[in-house]
Amino acid sequence: MRSLLAPVLLLAATACIPRAAPPGPATPPPPVGLPVAPPPPQIVPADMFKLHGRPEQGALVEGTAPIGTALLLLDGKPVRFATDGRFIIGFDRDSGPAALIEARMQDGRLLRLPLTVAPHAWDISELPTLQRGTTPSPTYQRIRAEELRQIEGARAVNADSDGWRQRFRWPAYGRISTLFGSQRIYAGGQRGAYHGGLDIAKAVGAKDITGTPALSPADGVIVLATDRPFSLEGNLVMIDHGFGLVSAMMHLQRIQVRTGDRIRQGQPVGTIGMTGRATGPHLHWGMTWNGVRIDPMSLVGQMPGGGTP
Ligand SMILES: [Zn+2]
Numbered sequence: 000m001r002s003l004l005a006p007v008l009l010l011a012a013t014a015c016i017p018r019a020a021p022p023g024p025a026t027p028p029p030p031v032g033l034p035v036a037p038p039p040p041q042i043v044p045a046d047m048f049k050l051h052g053r054p055e056q057g058a059l060v061e062g063t064a065p066i067g068t069a070l071l072l073l074d075g076k077p078v079r080f081a082t083d084g085r086f087i088i089g090f091d092r093d094s095g096p097a098a099l100i101e102a103r104m105q106d107g108r109l110l111r112l113p114l115t116v117a118p119h120a121w122d123i124s125e126l127p128t129l130q131r132g133t134t135p136s137p138t139y140q141r142i143r144a145e146e147l148r149q150i151e152g153a154r155a156v157n158a159d160s161d162g163w164r165q166r167f168r169w170p171a172y173g174r175i176s177t178l179f180g181s182q183r184i185y186a187g188g189q190r191g192a193y194h195g196g197l198d199i200a201k202a203v204g205a206k207d208i209t210g211t212p213a214l215s216p217a218d219g220v221i222v223l224a225t226d227r228p229f230s231l232e233g234n235l236v237m238i239d240h241g242f243g244l245v246s247a248m249m250h251l252q253r254i255q256v257r258t259g260d261r262i263r264q265g266q267p268v269g270t271i272g273m274t275g276r277a278t279g280p281h282l283h284w285g286m287t288w289n290g291v292r293i294d295p296m297s298l299v300g301q302m303p304g305g306g307t308p
């Protein structure tokens with residue numbers, strides 16, 4: 000009798016042994032039918048996103064999203080990332096000092112990387128005796144609206160290109176006559192619009208820059224090659240390098256590409272001139288990332304040989 004009962008008691012005892020408690024406070028299972036609360040956001044070290052370049056006003060920064068990222072966000076807005084995790088983000092010329100990168104992981108975790116955006120000392124010149132320009136005429140406003148529509152349309156193309164992954168090159172060499180971000184303050188403290196690109200003009204002692212080829216700084220797709228000079232930009236070529244990164248080459252003397260062309264890094268898009276609003280021959284190189292204007296110098300560094308204004 001005793002020998003039969005013992006195994007039964009042992010089985011009952013085994014079934015009663017509680018499992019090891021999970022670490023942390025015990026949470027009751029969620030009621031059936033209700034969604035499970037997501038885990039709290041987790042602040043992660045910077046190397047989780049492998050950022051290249053310093054977050055700074057007007058700069059473009061490259062990074063790699065952690066493996067398992069389902070959704071990448073910059074300040075709450077989705078950012079495109081490639082299958083290898085690579086992405087680019089741009090900071091506005093007047094960006095505030097804080098930004099936030101977040102990766103929503105496939106397992107539901109939310110990884111956060113708070114960033115400090117360094118300020119940049121922009122070139123501001125006070126011209127207290129100069130009046131700001133006059134109000135444009137209705138005819139000009141009508142023409143301008145159509146030009147802006149074409150520019151916006153080109154930015155919205157989102158061409159398929161891997162140019163954004165390349166190390167960018169200078170489209171021309173010379174003297175930087177106006178820096179990105181520079182701004183004039185006119186009579187009465189009125190602020191003019193800031194300069195949205197880099198101006199490359201003739202180097203001291205060099206021959207006229209007119210007719211010099213303007214080269215594509217990276218691979219891309221031509222999303223706009225204007226058929227006539229625009230009021231401000233003159234003959235304008237816009238190159239989409241992919242992932243929201245677009246170059247604009249302005250004031251060209253001649254255009255040598257057509258909308259829809261694929262272009263390689265270093266291939267000419269046209270020749271430098273002074274069409275549109277320009278006081279002398281120069282190449283204006285503007286860059287935008289998803290419409291945010293960025294300083295081309297953050298991609299190419301200093302002009303070889305100085306090139307200071
Ligand atoms: Zn310019």
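Read in order, the letters of the sequence shown correspond to residues 0 to 308 in numbering that gives the first Met the number 0. In this text, a Cβ means the ideal position worked out from N, Cα and C, and glycines have one as well. Small disclaimer: the values here were computed from a predicted structure and weren't measured.
Are the beta-carbon atoms of residue i and residue j separated by less than 9 angstroms?
| i | j | result |
| --- | --- | --- |
| A117 | Q41 | no |
| L214 | P295 | no |
| G272 | G233 | yes |
| W169 | V256 | no |
| I238 | G162 | yes |
| T211 | T274 | no |
Have a look at residue i and residue j and give me their C-alpha separation to the nearest angstrom.
| i | j | result |
| --- | --- | --- |
| V291 | D91 | 6 angstroms |
| P127 | I142 | 31 angstroms |
| K76 | Q165 | 25 angstroms |
| L147 | Q130 | 25 angstroms |
| G67 | P39 | 17 angstroms |
| T287 | A153 | 12 angstroms |
| P21 | D159 | Because P21 sits at a pLDDT of 47, beneath the cut-off of 50, its placement in the model cannot be relied upon, and the following sentence gives the value as read from the coordinates. One C-alpha to the other measures close to 48 angstroms. |
Can you tell me which residues form a DSSP beta bridge with residue i?
| i | result |
| --- | --- |
| E61 | H51 and I87 |
| E101 | L72 and R111 |
| Q182 | I123 |
| T287 | V245 and R292 |
| N234 | L251 |
| D229 | Sequence inspection shows Phe at residue 229; the Asp mentioned does not correspond to that position. Note: F229 sits in a beta bridge opposite G233. |
| Q41 | L110 |
Going by other Cβ atoms of all chains shown within 10 Å of its Cβ, with 16 needed for buried, is residue i buried or exposed?
| i | result |
| --- | --- |
| I199 | buried |
| Q218 | First, the residue type needs correcting, since residue 218 is Asp and not Gln in the sequence shown. By the 10 Å Cβ count, D218 comes out buried. |
| S136 | exposed |
| V245 | buried |
Can you list, in chain order, the residues of its chain with a C-beta nearer than 8 angstroms to that of residue i? Leave out the 5 residues immediately preceding and following it.
| i | result |
| --- | --- |
| S181 | W121, D122, I123, S124, Y193 and H194 |
Please work out which residues of its chain come closer than 7 angstroms, Cβ to Cβ, to residue i, disregarding the five sequence neighbours upstream and downstream, and give them in chain order.
| i | result |
| --- | --- |
| F86 | G62, A64, L71, V78, R79 and F80 |
| Q149 | L223 |
Going by beta carbon distance, what residues of the same chain come within less than 6 angstroms of residue i, once the five residues before and after it are set aside?
| i | result |
| --- | --- |
| A224 | V236, I254, V256, R257 and T258 |
| P113 | L99 |
| H51 | E61 |
| R276 | L231 |
| H240 | S160, G162, W163, A217 and G219 |
Nearer than 8 angstroms: is that true of the beta carbon of residue i relative to any heavy atom of ligand 3?
| i | result |
| --- | --- |
| M273 | Within the structure as shown, ligand 3 is missing, the only ligands being ligand 1. |
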